[in-house]
Amino acid sequence: MLQLWRVWSLPQQLSEVGKCKCKSERECQCQCECESRSWTSIQSNANEARADNLVVNGTFLVNNRPASILFDSGADRSFVSLSFEPLLAIPITKLRKPLTVEVATGKPLVLDSVIRDCQLNLDNHLFPIDLTPMQLGSFDIIVGMDWLTKHHAEVVCFDKIVRIPLPSGDVLEVRGEKPSGGLKLMSCTKAQSYLRKGYVAFLAHVTEEKGKSKSIQDIPIVQDYPEVFPDELPGLPPVRQVEFHIDLVPNANSVAKAPYRLAPSEMQELSKQLQELSDKGFIRPSFSPWGAPVLFVKKKDGSFRMCIDYRELNKLTITNRYPLPRIDDLFDQLQGASCFSKIDLRSGYHQLHIFEEDIPKTAFRTRYGHYEFTVMPFGLTNAPAIFMDLMNRVCKPYLDKFIIVFIDDILIYSKSRADHERHLRLTLELLRKEQLFAKFSKCEFWLKEVQFLGHIINEKGIHVDPSKIAAIKDWNTPTTPTEVRSFLGLAGYYRRFISNFSKIAVPLTALTQKNKPFEWGPKQEEAFQTLKRKLCDAPVLSLPEGNDDFVVYCDVSNLGLGCILMQRGKVIAYASRQLKIHEKNYTTHDLELGAVVFALKIWRHYLYGTKYVVFTDHKSLKHILNQKELNMRQRRWVELLNDYDCEIRYHPGKANVVADALSRKERVKLHSVQTLSDIRSRVLQTQRSCVIKDLLKYELLLQLELKLERKDNGLLYFENRLWIPNQDDLRTLVMDESHKSRYSIHPGADKMYKDLRTQYWWPGMKKDVALYVSKCLTCLKVKAEHQRPSGLLVQPEIPVWKWENIAMDFITKLPRTSKGHDAIWVVVDRLTKSAHFLPIREDFPAEKLAKIYVDEIVSRHGVPLDIISDRDARFSSHFWKTMQSALGTQLNLSTAYHPQTNGQSERTIQTLEDMLRACVIDFGGNWDSHLPLIEFSYNNSYHASIKMAPFEALYG
């Protein structure tokens, strides 16, 4: 029972309210008992403060940790709670002179320590702050007058805004949490104070009526079979028609891994669970040469689940190909059904014996001994197929008549209640006879509508679960061209399912064009809603055909997770959710793995027991199942992955366009794995193999064999170029290194061929390179098509010497990096095509740019005679013109709205933008960290216009 106090004043008391004529509560010196809003009174109840208009509070990052923060102009200093202080990970400094603080109760506290130089993150602006540790209420941090004064901050309580002037002259507005319109709570002490003043209080007794928990005795038919629903499994299962076998690949050797180190609390839990399993007979002491380590994962209720890491055994196990039922075949049986019951078995795997000869293979090693399972454990790769075999044999008399089964889920369906009564009784009688036990809390009976295998089933038919299309239905109206592009990217991916897609999308496509105002009107809204409606129609979410060829695409942004399930090019379902507060602190690796786990949990009924592929744009996830060092979170997730027969692949291309859209993706950091190949040793080995096995005829080299020359290093060369045999994917490896490495960054086919031909040779190299580049997903995603424009061209005069005539331009509106850069200054020599890419800030004044120009250009190449640029305000400023005139440089500004005048820098910018996008996709991180290598790759690549690389033209 919850007691709520609520106070109303009588009319005669109303006239006394507001007698105080003080201009503010801070100035109040009378006895009107105005409530002080200092930190000393508020910090004791954060929930009350959050609901009040007179304080400003919110959740912000402090040392990259989310903290509940109160901005309080009544506190002389800034404070941090004792519970939050350890999360800051900064040593505490002792104060020379202790600080005395008076709290709400009037009791003075002596504080003698401070944590200096913490980082307060307000809307991506970092501010240093010194925090004094003390016992607070619900707030983690209180920002006081010391910080507010230092930064000239203005607190606007009514609007819940803190205004902070920035060095750049801008004003940062930090918005606090808005008060909720809910019921305000009052302490008993405050209520008594109001009563003494003559207010009237009413005490309401609020009770929560909890629905009666269902009981076996209350359910017809089920009440006659209580033995089918025990609280715990009674013991070892009986001998069944099926036993669990573990068949190993030929010549497999036993694997025994050392036990993992466990915490003291885990050791206690291990001892307890081993005793329980041993008492039930589920495990026994073992002398097996096999041995898997044990690890623990935490359940939602805080208890521990013991898990066996069977990854090594699963690798050596021959996969059981027992067919799992087709989901569409299962649903075909449900036509006309109007009454349903669903039964979930209790620890179904533990209700099946292991074949005696295979028991030693399940052995696991612990601090307390070596044990092996006598019943089927969780985590073995063939467990779903074997259990499906058992359930099909047990339920065979009634299968597809009034029962459908998927692994350990049983659905009973009938056309009438009378039929269902008979069907339910026959099913429970069968389970009792076979001694198969169910978990009553997870069972549902006598339903008119049931959720089964991701569908809603009722007498009207089978419907897609609404949660599957919530991600599209809840898509908010776009407010920027970027958001429109994100939506059209998703819709366009499914355009083959939507009639007249291009016609419908015309109003939205127009909003994405440059130099067009963003005006959202009735036509745009109608197109947006029509596309949303068509995306959510049945043709988009197809029912799966069989259990093969499932593909899952996952992606993560700093806002949420996005996943899509497809089969043979058809969309089965899509899902997304926002990140929880604590998940925003996860590493990129854990977030990407979490997205995979999110997809597996949602679509378990499709993926469990089948072989499927998961595509992710995080390369290192490919190796997660072989990783030795795992944290507790990764252990729990890997344990889940072990129950599935999945292959994780890396895919940065267009396949992830859907997941990107659903997660509102802003490109996250990708940790790309690049291995530098020992190419020469591999080529030598493969060349020898070709000669020994007489494979030259397959290489079409019979007529060229005499021209192959063996050098001192043992390698075969053709006209001083290394011959690459068509074996062991060597040619693909060479092209990978020449196209995708950090030193090449996705050159075009011509550039890549010209670079390769200087060192390597094989028949048809040019054709292979062109085909390879045409299939590169990153290139297809980031590169625009470039064609020569029609009409006559007026080309500027060709320079006579290097860096005497240059072109320059800016790339602006880039994402701001951790170093503060948001633009690139591109400077190109028109003769050698060599270029410099200089990271800058868009708000740099002309004086700052002049210093960079002298340091980076003039000091390296001397003073140019001519500069071609556009009419940017910085290039046309009086300062810039005066400086260039003093240096003897002539400025040639392009015609307004005619960028072709400065075609050299414009074309270089196009190439640079393509390389930047490719770098961020392949390698992640801040774009300015890639700029030096991009500049090197650009200057080191073959240019068709000068028939050589810029470096070669510049330095010889």
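Position 116 (the sequence shown) corresponds to 116 in the UniProt record's numbering; numbering is contiguous.
Each residue gets a CB set at the ideal place from its N, CA and C atoms; glycine is no exception.
Note that the structure is predicted; figures quoted are calculated from it, not measured.
Figure out for me which residue from the options has the closest Cα to the Cα of residue i.
i, options, result
"S338", "A383, K415, A770 and S894", "K415"
"I868", "H861, T889 and S859", "T889"
"K439", "V114, Y225, N892 and T616", "Y225"
"D549", "A89, L600 and V614", "V614"
"L887", "T482, M948, V854 and Y368", "V854"
"V828", "P799, F387, R393 and P845", "P799"
"S834", "F844, R816 and N805", "N805"
"H746", "L148, R907 and R917", "R917"
"P766", "Y753, M145, Q759 and P481", "Strictly speaking, residue 766 in this sequence is Lys, with Pro absent from that position. Closest by alpha carbon: Y753."
"Y612", "K619, H618, L600 and L621", "L600"
"L274", "D768, C563 and H370", "H370"
"V297", "G862, L508 and R636", "R636"
"K740", "L716, V773, L730 and K448", "V773"
"T758", "K97, K448, R721 and E847", "R721"
"E434", "R240, S254 and H151", "R240"
"N939", "E525, Q223, Y553 and D755", "D755"
"F879", "T588, P91, P167 and L849", "L849"
"E935", "E276, L891 and W825", "W825"
"E459", "T616, I92 and L334", "L334"
"P237", "P522, S193, S877 and F282", "F282"
"R65", "D72, I90 and G74", "I90"
"E719", "Q727, R305 and P763", "P763"
"E102", "A75, M566 and L87", "A75"
"E526", "P507, N926, V638 and K851", "P507"
Which residues does DSSP list as the beta-bridge partners of residue i?
i, result
"L838", "W825"
"E154", "R163"
"P645", "Here the sequence assigns Asp to residue 645, which means Pro is not the residue at that position. Paired residue(s): K611."
"S81", "M134"
"W520", "None; W520 has no bridge partner."
"I308", "V294"
"W761", "W723"
"P66", "L61"
"T317", "L248"
"M948", "H943"
"K94", "S113"
"C919", "Bridge partners of C919: none, in fact."
"L99", "L111"
Exposed or buried, which one is residue i when buried takes at least 16 other CB atoms within 10 Å?
i, result
"S941", "buried"
"A153", "buried"
"residue 957", "Given a span of 1 to 956 for the chain in the structure shown, any question on residue 957 remains unanswerable."
"N515", "exposed"
"A807", "buried"
"S937", "buried"
"R284", "exposed"
"L771", "exposed"
"N382", "buried"
"F355", "exposed"
"E449", "exposed"
"K442", "exposed"
"Q529", "exposed"
"Y368", "exposed"
"N713", "exposed"
"W801", "exposed"
"N57", "buried"
"H582", "exposed"
"K468", "Note that K468 scores 48 on pLDDT, short of 50, meaning its location in the model is unreliable and no value can be drawn from it."
"C395", "buried"
"L411", "buried"
Report, in whole angstroms, the separation of the C-beta atoms of residue i and residue j, which I expect to be a contact under 8 Å.
i, j, result
"L120", "L111", "Going by Cβ atoms, the distance from L120 to L111 rounds to 20 Å, so no, they are not a contact pair."
"D123", "V171", "So it is not a contact: roughly 12 Å between Cβ atoms."
"W723", "Q687", "7 Å"
"V114", "T132", "5 Å"
Got a sec: does the ligand HEM put a non-hydrogen atom nearer than 7 Å to the Cβ of residue i?
i, result
"T509", "In the structure on display, the ligand HEM does not appear, and there are no ligands present to speak of."
Would you mind listing the beta strand (DSSP E) stretches within the segment 216-298 that are 3+ residues and don't spill past its ends, in chain order?
-> Runs found: 283-285 and 294-298.
For the segment 325-383, list the alpha helix (DSSP H) runs that are entirely contained and at least 4 residues long, ordered along the chain.
-> Runs found: 327-332.
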